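Protein sequence lines correspond, in order, to chains A and B.
Going by numbering that gives the first Met the number 0, the first residue of the first sequence is number 0, and it counts up by one from there.
Going by numbering that gives the first Met the number 0, the first residue of the second sequence is number 0, and it counts up by one from there.
For reference, the structure discussed in these notes is given below.
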Amino acid sequence: MAETLHSTEKVSVAALISVILRRKISRTIDIKWFVENEAYATHIIALCREQGLTDLNEYVDRFEIMMFGKLSTPIPIPEKFSATKNDTKEFRNTLAPSFEEEVEDLKEVIDPHKYVGGIR
Amino acid sequence: MYSKKSNLWIWLFVVAINLLAMPAYSETSTIESPNAEPVAASIDSPTSTIESTYTQEQVAPPVTPKMATVDVTPTAESVYTKPYLVGFDKINSGDTAWMLSSTALVLLMTIPGLVLFYAGMVRKKNVLSTALQSFAICCLVSVIWILIGYSLAFTPGTPYLGSLDRLMLSGISYIKATSQLSVSHLAPTIPESVFVMFQMTFAIITPALIVGAFAERMRFTAMLVFMGLWSILVYAPVAHWVWEPTGLFASMGVLDFAGGTVVHINAGAAGLVCAYVLGPRVGYGKVPFIPFNLVYTLVGASLLWVGWFGFNAGSALAADGRAGMAMLVTQIAAAMAALTWILIEWLVKSRITMLGFASGAVAGLVAITPASGFVNVNGALAIGIASGALCYVGATSLKRLLGADDALDVFGIHGVGGLVGAVLTGVFADKALSGLDANVTLQAVAAFTTLAYSAIVTLVILKVVDLLIGLRVDAEDEHDGLDITQHAERIL
Chain A
0 MAETLHSTEK
10 VSVAALISVI
20 LRRKISRTID
30 IKWFVENEAY
40 ATHIIALCRE
50 QGLTDLNEYV
60 DRFEIMMFGK
70 LSTPIPIPEK
80 FSATKNDTKE
90 FRNTLAPSFE
100 EEVEDLKEVI
110 DPHKYVGGIR
Chain B
0 MYSKKSNLWI
10 WLFVVAINLL
20 AMPAYSETST
30 IESPNAEPVA
40 ASIDSPTSTI
50 ESTYTQEQVA
60 PPVTPKMATV
70 DVTPTAESVY
80 TKPYLVGFDK
90 INSGDTAWML
100 SSTALVLLMT
110 IPGLVLFYAG
120 MVRKKNVLST
130 ALQSFAICCL
140 VSVIWILIGY
150 SLAFTPGTPY
160 LGSLDRLMLS
170 GISYIKATSQ
180 LSVSHLAPTI
190 PESVFVMFQM
200 TFAIITPALI
210 VGAFAERMRF
220 TAMLVFMGLW
230 SILVYAPVAH
240 WVWEPTGLFA
250 SMGVLDFAGG
260 TVVHINAGAA
270 GLVCAYVLGP
280 RVGYGKVPFI
290 PFNLVYTLVG
300 ASLLWVGWFG
310 FNAGSALAAD
320 GRAGMAMLVT
330 QIAAAMAALT
340 WILIEWLVKS
350 RITMLGFASG
360 AVAGLVAITP
370 ASGFVNVNGA
380 LAIGIASGAL
390 CYVGATSLKR
400 LLGADDALDV
410 FGIHGVGGLV
420 GAVLTGVFAD
430 KALSGLDANV
440 TLQAVAAFTT
450 LAYSAIVTLV
460 ILKVVDLLIG
470 LRVDAEDEHD
480 GLDITQHAER
490 IL
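Laid out in structure tokens, this is it:
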């Protein structure tokens, strides 16, 4: 039971990290592989540390403890800016094309206009 | 995105609940409870002339308890206008068994019925949050209902609102020593505890229905505050108007057997206002919002259908022939509406969809709700056809006309279906079933008054919550999905 809860929390934190990485550096990661493969996890953690983001570092710390049982890398002191809020115009402009997940799925839909402006 | 909660608030909440619970406990733990003295009104009194669907059918005089503190021996003609004590022998075990089953069936409609119905229709990134909203409402409203909701809805007070006699369920009794327990004047053959639970499940599903209108964009905390206020300020008063014999509409003779007005028109109007106030989702009308899994939706609709037997037949508040008729017409209307919906869909779009079948069935179930104890089979067929056709229009053409992003068509199906059912109850009500005359104009007035009240008060509540907390997640969070941004969970 405790193992399952631990695993669930690890996936949650990994998902949060993936969201921040995608927002900040447009890097998409494989969450499932991230929580399973230590080498991949080490690489992604290093990548996260390079960003120097306070919020991201907090999540990486939690993830690293759950994944490896200890912190292997020092926490950078300088804070560039918060990673969880970004209201810049540049970011907002990236929202429209970022519906790519749904657009990709559209290929499987016969009528491309279906589900636009209403579900029924 | 995801922050830690302060333990201080939790402790304050626990302390407040305990302070509130203390007087109620002290009242119910003594035999000399307030309702040991039943209030009996003479048949000639003004209150007893109200054409209630409940009180005139089953009026059981209380027993003179062997060890009671008050010696009351009313006549057989007494009509009770508030909850009172009876002996155990006045409880009908058949009725009680059916009402316990019905209560479970109606709760099944929300969890997991509505949870699955809605979760299947939203995008993958919002499935968990949408499902959780209905589940959370179930917990929240359960507590609000016993704190104040039941008292405001189902005790006599003014025509507009009940009293606080049952605050914290004070006075609800089960006294083994004297073989007595309390019953509601609306359901004298079942324990009041069962009646409270049955009505609680209605109070739960009504706000849960609204979730579909603002899906994929509302803050979770704002949703909880809004639903709590809505349950007290909108649901409880409307339930009082329609179901409490001294209520505004009940005293006028408005018919609503199982909640077409109280539940569906009420939720539909609130949903439409929510959709307007929150605004459309990012990308609405430009990109497709592909539903996560319509099998969930069909399973959810099926659970709703089965649960609706408790909703409608249970509203007879007895295991009798009228409950049987209510169940029969419920099945017929749902099936007829589903067939009507897919026929129109086939004529208009040259295809028949799973979502169409599910939507049509729900539309029929909604429309037959107010009529289920009043119409015969022919009426059910007619209501099924009308609701299937008009709800299709409501979820497509009318939706485009209104211009609101009512994400899962709460107004199109529940609002429109509720209005169709309320009005057609006046048309098809069979006096042989209920002994009551119906009036189409009166039905329409009650339906549209409820629509207006719900819309206005919902608007006010939303504005207040927006000022205090903020209703909508920011575009960034909406883009990433509410599952991860509101709850730190996601479907992989």
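The beta carbon of each residue, even a glycine, is placed where N, CA and C say it ideally should be.
Keep in mind the model is a prediction, meaning the values are calculated, not measured.
Check whether chain B comes within 8 Å of A/ARG119, counting only Cβ atoms and requiring the distance to be less than that.
Yes, because at least one Cβ of chain B sits closer than 8 Å to the Cβ of A/ARG119.
Please identify the residue among B/VAL464, B/LEU160, B/ALA446 whose C-alpha is closest to the C-alpha of B/VAL253.
Of B/VAL464, B/LEU160, B/ALA446, the residue nearest in Cα terms is B/ALA446.
B/VAL195 and B/LEU168: beta carbons closer than 8 Å?
Their beta carbons are under 8 Å apart, which means B/VAL195 touches B/LEU168 by this criterion.
With a threshold of 7 Å on Cβ separation, who are the neighbours of B/ASN438 within its own chain once the five nearest residues in sequence on each side are excluded?
Cβ within range, chain order: GLY252, GLY425.
Could you tell me if B/ALA406 is buried or exposed, where buried requires 16 or more neighbouring beta carbons within 10 angstroms of its beta carbon?
Classification for B/ALA406: buried.
Am I right that B/VAL472 and B/ARG218 are in contact with their C-beta atoms under 8 Å? What's the rounded C-beta distance?
Contact holds; Cβ gap of about 6 Å.
By the criterion of Cβ-Cβ separation under 9 Å, what are the contact partners of A/ILE122 in chain B?
Residue 122 of chain A lies beyond the stretch modelled for chain A, which goes from 0 to 119, so this question has no answer here.
If you check the beta carbons only, do B/SER371 and B/THR339 fall under 8 Å apart?
Against a cut-off of 8 Å, the Cβ pair of B/THR339 and B/SER371 comes out as no contact.
Between B/GLU488 and chain A, is any beta-carbon pair separated by less than 8 Å?
Yes, B/GLU488 counts as interfacial toward chain A.
By how many angstroms is the C-alpha of B/PRO287 removed from the C-alpha of A/TYR114?
So the two alpha carbons sit approximately 5 Å from each other.
Leaving aside the five residues before and after B/SER133 along the sequence, list all residues of the same chain whose C-beta is less than 8 Å from its C-beta, in chain order.
Here the set comprises THR109, ILE110, LEU113, VAL114, TYR117, ALA207, VAL210.
By the three-class DSSP mapping on this structure, what secondary structure does B/ARG471 have?
Correct three-state label for B/ARG471: strand.
Where does B/VAL286 sit, in a helix, a strand or coil, going by DSSP?
B/VAL286: coil per DSSP, three-state reduction.
Using a cut-off of 9 Å between C-beta atoms, extract the partners of A/LYS113 located in chain B.
Under the 9 Å cutoff, chain B gives PRO287, ILE289.
Check the Cβ-Cβ distances between B/ASP479 and every residue of chain A, and say whether any is below 8 Å.
Yes, B/ASP479 counts as interfacial toward chain A.
Just to check my reading of the structure: B/ILE382 and B/VAL374 have Cβ atoms closer than 8 Å, yes? What is that Cβ distance to the nearest angstrom?
Rounded, the Cβ-Cβ distance is 7 Å, consistent with contact.
Examine chain B for any beta-carbon lying closer than 8 Å to the beta-carbon of A/LYS23, and answer yes or no.
Cβ-Cβ to chain B under 8 Å: no for A/LYS23.
Where B/LEU84 and B/THR220 are concerned, what is the direct C-alpha to C-alpha distance, given to the nearest angstrom?
Between B/LEU84 and B/THR220, the C-alpha separation is close to 41 Å.
Which residues bound the alpha helix (DSSP H) around B/VAL298?
Its alpha helix (DSSP H) spans residues 293-312.
Please confirm if A/SER11 has its CB atom under 8 Å from at least one CB of chain B.
Answer yes: the Cβ-Cβ gap between A/SER11 and chain B drops below 8 Å somewhere.
Measure from the C-beta of A/GLY68 to each C-beta in chain B and report whether the shortest distance is under 8 Å.
By this cut-off, A/GLY68 is not an interface position.
Terminal residues of the continuous beta strand (DSSP E) containing B/GLY86?
Start and end: 83-86.
Buried or exposed, going by whether 16 or more other CB atoms sit within 10 Å of the CB of B/THR440?
By the 10 Å Cβ count, B/THR440 comes out exposed.
Out of B/TRP242, B/PHE213, B/PHE225, B/ALA103, which one is the CA nearest neighbour of B/THR509?
For chain B, the structure presents residues 0 to 491; residue 509 of chain B sits outside this window and is missing.
Which bits of chain A does B/ILE483 rub up against, with CB to CB less than 8 Å?
Within 8 Å Cβ-Cβ: ALA14, LEU15, VAL18.
Please decide whether A/ILE30 counts as near chain B, where near means a Cβ-Cβ distance under 8 Å.
Output row for A/ILE30: interface = yes.
Is the shortest distance between the beta-carbon of A/GLY116 and the beta-carbons of chain B less than 8 Å?
It does; some Cβ of chain B falls within 8 Å.
So the candidates are B/LEU293, B/TYR234, B/ALA103; which of them puts its Cα closest to the Cα of B/ALA152?
Of the listed residues, the one whose Cα sits closest to B/ALA152 is B/TYR234.
Nearest-angstrom Cα distance between B/LEU354 and B/SER433?
Taking the straight line from one Cα to the other gives about 35 Å.
Whose Cβ in chain D lies nearer than 9 Å to the Cβ of B/THR102?
Checking the listed chains, one finds no chain D in this structure; the protein chains it contains are A and B.
Taking Cβ-Cβ distances shorter than 9 Å, what residues in chain A pair up with B/ALA394?
The contacting residues are GLY117, ILE118, ARG119.
Specify, as a first and last residue, the run of the beta strand (DSSP E) that B/SER181 falls within.
Note, B/SER181: beta strand (DSSP E), 179-182.
Mind checking who B/ILE174 pairs with in its DSSP beta bridge?
B/ILE174 is bridged to B/GLN179.
B/ALA318 by DSSP, collapsed to three states: which one?
The answer is coil: DSSP assigns B/ALA318 none of H, G, I, E or B.
By Cβ distance below 7 Å, which residues in the same chain neighbour B/PHE225 in space, the five residues on each side in sequence not counted?
ILE460, LEU461, VAL464, listed in sequence order.
With a CB to CB cut of under 7 Å and the five nearest residues on each side skipped, what residues in its chain are close to B/PHE248?
Same-chain partners within the cutoff: TRP240, VAL241, ALA445.
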